Amino acid sequence: MKHRLDELAKSVAGRLVGDPECLIDGVGTLQRASEGQIAFLASGLYRQYLAQTAASAVILTESDLADYDGNAIVVKDPYLAYARIAGLVADEPPRRFGVHPSAVVEGGCHVADSTSIGANSFIGSGASIGENVYIGPGCVIESGAVIGADSTLVAQVTIGRDVTVGARALIHPGVVLGADGFGLANDEGVWVKVPQLGSVRIGDDVEIGANTTIDRGAIEDTIIEEGVKLDNLIQIGHNAHVGAHTAIAAAAMLAGSCTIGKHCTIAGGVGIGGHISVADGTTITAMSMVTSPIRESGVYSSGIPLDTNRNWHRNAVRFKKLDEISRRLKELEKRFDKVKNKG
Amino acid sequence: MKHRLDELAKSVAGRLVGDPECLIDGVGTLQRASEGQIAFLASGLYRQYLAQTAASAVILTESDLADYDGNAIVVKDPYLAYARIAGLVADEPPRRFGVHPSAVVEGGCHVADSTSIGANSFIGSGASIGENVYIGPGCVIESGAVIGADSTLVAQVTIGRDVTVGARALIHPGVVLGADGFGLANDEGVWVKVPQLGSVRIGDDVEIGANTTIDRGAIEDTIIEEGVKLDNLIQIGHNAHVGAHTAIAAAAMLAGSCTIGKHCTIAGGVGIGGHISVADGTTITAMSMVTSPIRESGVYSSGIPLDTNRNWHRNAVRFKKLDEISRRLKELEKRFDKVKNKG
Amino acid sequence: MKHRLDELAKSVAGRLVGDPECLIDGVGTLQRASEGQIAFLASGLYRQYLAQTAASAVILTESDLADYDGNAIVVKDPYLAYARIAGLVADEPPRRFGVHPSAVVEGGCHVADSTSIGANSFIGSGASIGENVYIGPGCVIESGAVIGADSTLVAQVTIGRDVTVGARALIHPGVVLGADGFGLANDEGVWVKVPQLGSVRIGDDVEIGANTTIDRGAIEDTIIEEGVKLDNLIQIGHNAHVGAHTAIAAAAMLAGSCTIGKHCTIAGGVGIGGHISVADGTTITAMSMVTSPIRESGVYSSGIPLDTNRNWHRNAVRFKKLDEISRRLKELEKRFDKVKNKG
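Residue numbers (our numbering), protein chains in the order written: chain A, 163 to 505; chain B, 163 to 505; chain C, 163 to 505.
This is the structure in structure tokens:
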């Protein structure tokens, strides 16, 4: 389907420059876009490709327009406008096909007529599947789970018993919601399982990346608020609480009972300790280790920057003497001052 | 089902305080429990909620009893007693339903009559499934695998060929046991696969969290001893050996041929190098990097604590000069001593 | 099947020592091999087991031959020769069985006659499955995906729409290729999804470990070149490009748009930042954090070595003063020099 450039500009409240009737039927990068495609310029890194682009139109800022004389949509935030326009011109909605004959839907479920359930998927008794939900092939929805309207479970997703997922969720393959939390008591060296009796509650408009796991709570529920975006291979422990519109990148680990504020950005590989709270609007850089509460919004980091193995090793062995170095420095300062004062 | 408080107290060898006939049919937290529920107090953090709790009874220690005048079970370890009591009053056993018609069970399997096999699961030829095993929907048990009695594979679990799992295992969705170890030889820059011919052997009473992977051994087997508890998204490489009653938290990485002792506690995100051995009873804190053997039990750590990005950056750049700092300090000490001695 | 030792020696261009007619039907370690098995010695750690081995033959180097008087195959690289010989004598090819009746193959697919498709697997419309491909139980191949000849998808693998996989791939359970990349634009605090319109292209001879995830590109494709070997639980973000014959160990994280060279070795738990490039032939040690480009081949590291928790803590708190320590040292040097010069 082709879209007129003026309509696309209007859809993002952008200013049209050039031919309003230019037809767009796809997206591309500045470097490789071809006729009929729209590209965007959101970073100075790519400005070099602007003049020669073969894109039929470009989304850019007012200040970048000076370097370009083709069709354009001028906006404040070209990346955001691109996201919206790409959704219009290029994103394909999942196919609708009803309930596949190989799917197993147990008795006592509520499955809306508009629901699609893919090949070899399983819906347990008492589950409730909302309007226009797409459940791809190989999914398992255990008994009592609730999936909100317009949600998509791409394939091979596992939703544990009684877990609730809000509307417009997008859940990627291999995600496991509602496995038992890691609760153990110790009886003279032997671990005794603490039954995990809470559930998982996922708000509206949440996206969950491939192979991410969110455990059910021990007594109360693990909670992911609305608008949260989770990347792949993330671990979220029991009774964690992730505030609305927080984004968490791949392989982050949130231990049990941590509380992450709203509008946080947590980079890949970050670990957050159990029972730790993180203030609203906090940014944590990649691979940081969070073992104390973060009470004030800001950007936080930890870790050691990369070096050649030879240099790193030389410095790393000194780390074990850092306290000693600090004490020796202080001692030398004192001795020097003493001599000086005498002097 | 309702339980009398005196019976629950007896089940954990606790001292009953208050009404022996008080009926309990669920559990709750001190803050949110309602009538009929039992709560517990195991950490000073929650003592503030004790006086006002609406729980019908509380599990606590003798010393906390002073602050509370309701029904109670007095024990030394309230968390352990809670684990046991929650198992009695609130945990639901998985449903039993025989072999689902959509399950595929190849010829030549041994499947006990009491086994449940869920929708769309697959049992390969020559597999052996013990009494009262529950295999949820979407599982794949490859040929020759053995699952011990009373084990539960929740859903979407993959057990590779010839892998053996002991009795009373609890294996969560997405777990993969017996994928090939990462064995490669190099032929002038091109990797040649080293066939992975060992298997995986899992002892009795092991729990394995969602999306955890345990690879088969190269020649001999990868071994997880009895009572080991594994959280989610853990990687255990080929020929690793994890000792009995060790607990490992989420996203830990055990490289090939490492040997972890018994009764260890390994926190989330810890990495243990190949061929490293770790002594019995060792504790390793979160995100630590273990590249040398740990020969003595104790608590071990590594990593850099979180700071504001600005402060962290200022210090992190100095890390690359740590060896130089150390040498300059030593030099200055020498020069000072020399002057002093002359002085 | 039994193999003559002289034939095995010939297959790896090795020198035969001892009985050419010695029959080999399996492999074992030096310590535990039994009659009929061949072992290898590739590391000094195991030389102690050479004299007493019960193996019928040993693969070793010329220099180790002095300590051994049994049957042998003498080569330069015993581990490489072992890999090849183990492939001949011990590795079992997956069974071939055609399309299982419970598999769902949608219309409009190209499935070669020699393809095996396991129980409860799903092949979407327009997918193309090459000659001799083995697709195990519980796999999902979405529409338009292409799987090259002689590839093996062990079980429970998910291949997203339009993803292409080369010839001779070996893909382990739980792998997800082609989930959406983590692309988000921010509209006054609310995340807007950036449609992920690229795909994933995997070259020939690639192995991908259990539960690893490789996301589709945002506009163009995520690319894994030929001969790449990936371990378990690895995350590869959208538009990453991994060069030929690079090996990446478990739980590594490659953020979006990073470019890894050819013939790199990346150890477990390494994190590589977005848009970072890494030179051909680079080695990165375990759990390193890569936030700047690596322009020259070499061995690189970061991180803090393990210590007792007590010592670690003492030093870690000083890390927050490292910049101050450095400045104070410089100041003291200056003051000392000043006094000295005056002196």
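No residue lacks a Cβ here, since even glycine has one placed at the ideal position from N, Cα and C.
Quick caveat: nothing in here was measured; it's all calculated off a predicted structure.
Is it right to say B/Glu169 is buried, meaning 16 or more other beta carbons lie within 10 angstroms of its own, or is it exposed? By the beta-carbon neighbour count (other beta carbons within 10 angstroms, threshold 16), B/Glu169 is exposed.
Cβ of B/Pro357 within 7 Å of any chain C Cβ: So, interface residue.
Rounded separation between A/Pro357 and A/Ala380 - CA only: The C-alpha of A/Pro357 lies about 7 Å from the C-alpha of A/Ala380.
In whole angstroms, what separates the C-alpha of C/Thr384 from that of C/Asp377? Within the model, the alpha-carbon separation for C/Thr384 versus C/Asp377 is close to 7 Å.
Tell me B/Phe284's beta-bridge partners as DSSP assigns them. B/Val266 and B/Val302, per the DSSP bridge assignment.
Does any residue of chain C have a CB that is nearer than 7 Å to the CB of A/Asp442? Judged by the 7 Å Cβ criterion, A/Asp442 is not in contact with chain C.
Where does the unbroken alpha helix (DSSP H) through A/Leu491 begin, and where does it stop? That run of the alpha helix (DSSP H) goes Leu484 to Lys504.
Contact between the stretch 465-483 of chain C and the stretch 474-491 of chain A (3+ Cβ pairs under 8 Å): In short, these stretches touch, since the Cβ pair count reaches three.
Presumed contact (8 Å Cβ cut-off) between C/Asp442 and C/Ser459, rounded CB distance: 6 Å between Cβ atoms; contact.
Separation of B/Arg194 from B/Ala216, as counted between CA atoms: If I take the Cα positions, the gap works out to 7 Å.
Quickly, what does DSSP pair C/Phe202 with across the bridge? List them, please. In the DSSP output, where bridge partners are listed per residue, C/Phe202 has C/Ile221.
Counting along the chain, where does the alpha helix (DSSP H) carrying A/Asn511 start and finish? For residue 511 of chain A there is no data in the structure shown, the boundaries of chain A being 163 and 505.
Please state if the CB of A/Val368 and the CB of A/Gly340 are separated by a distance shorter than 7 Å. No, Cβ-Cβ distance for A/Gly340 and A/Val368 is not below 7 Å.
If B/Ala406 sits next to B/Lys424, beta carbons under 8 Å apart, how far is it from one beta carbon to the other, in whole angstroms? At roughly 5 Å, the Cβ-Cβ gap stays under 8 Å, so B/Ala406 and B/Lys424 are in contact.
Contact with chain B by A/Met163, beta-carbon distance below 7 Å: Under the Cβ distance rule, A/Met163 does not count among the residues neighbouring chain B, no pair being separated by less than 7 Å.
B/Lys483 touches chain C at which residues, Cβ-Cβ below 7 Å? Among the residues of chain C, those whose CB is under 7 Å from the CB of B/Lys483 are Ser488, following chain order.
Classify C/Glu369 as helix, strand or coil using the three-state DSSP reduction. C/Glu369: strand per DSSP, three-state reduction.
Taking any Cβ of chain A, which residues in the stretch 349-377 of chain B have a Cβ under 8 Å from it, in chain order? From the stretch 349-377 of chain B, only Glu369, Gly371, Ala372 and Asn373 have a Cβ closer than 8 Å to chain A.
Could you pull out every residue in the same chain whose Cβ sits closer than 8 Å to the Cβ of B/Gly327, ignoring the five residues on either side in sequence? Per the sequence presented here, residue 327 of chain B reads as Val, with Gly not at that position. Correct list, in chain order: Ala307, Val308, Ile309, Gly310, Ser313, Ile321, Ile333, Leu339, Ile364 and Val368.
Pull up the distance between the alpha-carbon of C/Val461 and that of C/Val390, whole angstroms please. If you draw a straight line from the Cα of C/Val461 to the Cα of C/Val390, it comes to about 19 Å.
7 Å Cβ cutoff, A/Gly310 in contact with chain B: Interface with chain B (7 Å Cβ-Cβ cutoff): A/Gly310 is excluded.
Under the assumption that C/His165 contacts C/Leu222 (Cβ atoms under 8 Å), give the Cβ distance between them as a whole number of angstroms. Wrong, their Cβ atoms sit about 18 Å apart, outside the cutoff.
Residues of the stretch 403-435 of chain B with Cβ closer than 7 Å to any Cβ of chain A, in chain order: Answer in chain order: His407, Ala409, Ala411, Ala412, Ala413, His425, Gly430 and Gly431.
Among residues of its own chain, excluding the 5 on either side of C/Gln397, which ones have a beta-carbon nearer than 6 Å to its beta-carbon? If we look at C/Gln397 and ignore the five residues flanking it on each side, its Cβ neighbours are Thr375 and Met415.
Beta-carbon separation of B/Val236 and B/Glu224 under 7 Å? Yes. Within cutoff.
Count the other CB atoms, across all protein chains shown, that sit within 10 Å of the CB of C/His400; report buried if there are 16 or more and exposed otherwise. Answer is buried; the Cβ neighbour count reaches 16.
Here's the rule I'm using: 16 or more other beta-carbon atoms within 10 Å means buried, otherwise exposed. How should A/Asp349 be labelled? Flag for A/Asp349 reads exposed.
Tell me which residues share the same chain as C/Ala417 and place their Cβ nearer than 7 Å to its Cβ, disregarding the 5 neighbours each side in the sequence. In the same chain as C/Ala417, and ignoring 5 residues on each side of it, the C-beta atoms closer than 7 Å to its own belong to Gly399, Ile434, Gly435 and Gly436, in chain order.
Determine whether the Cβ of B/Met451 lies closer than 7 Å to any Cβ atom of chain A. Against chain A, the CB of B/Met451 has no partner CB under 7 Å away; the residue lies outside that interface.
If we define contact as Cβ-Cβ less than 7 Å, is C/Asp393 a contact residue for chain E? No chain E is part of this structure, whose protein chains are labelled A, B and C.
Residues of chain A with CB under 9 Å from B/His400, in chain order? The contact set of B/His400 on chain A, defined by CB atoms closer than 9 Å, is empty, because the minimum CB distance reaches about 21 Å.
Compare the C-beta of B/Asp383 against all C-beta atoms of chain C and say whether one is closer than 7 Å. Not a single C-beta of chain C is nearer than 7 Å to the C-beta of B/Asp383.
With B/Leu203 and B/Leu192 assumed to form a contact (beta carbons below 8 Å), what rounded beta-carbon distance in angstroms separates them? The beta carbons of B/Leu203 and B/Leu192 sit about 6 Å from each other, so the pair counts as a contact at 8 Å.
Beta carbon of C/Leu392 nearer than 7 Å to that of C/Ile422: Taking 7 Å as the cut-off, the beta carbon of C/Leu392 is found no closer than this to the beta carbon of C/Ile422.
A/Arg378, DSSP secondary structure in three states: A/Arg378: coil per DSSP, three-state reduction.
What's the gap between the Cα of B/Glu268 and the Cα of A/Gly351? Roughly 41 Å between the two C-alpha positions.
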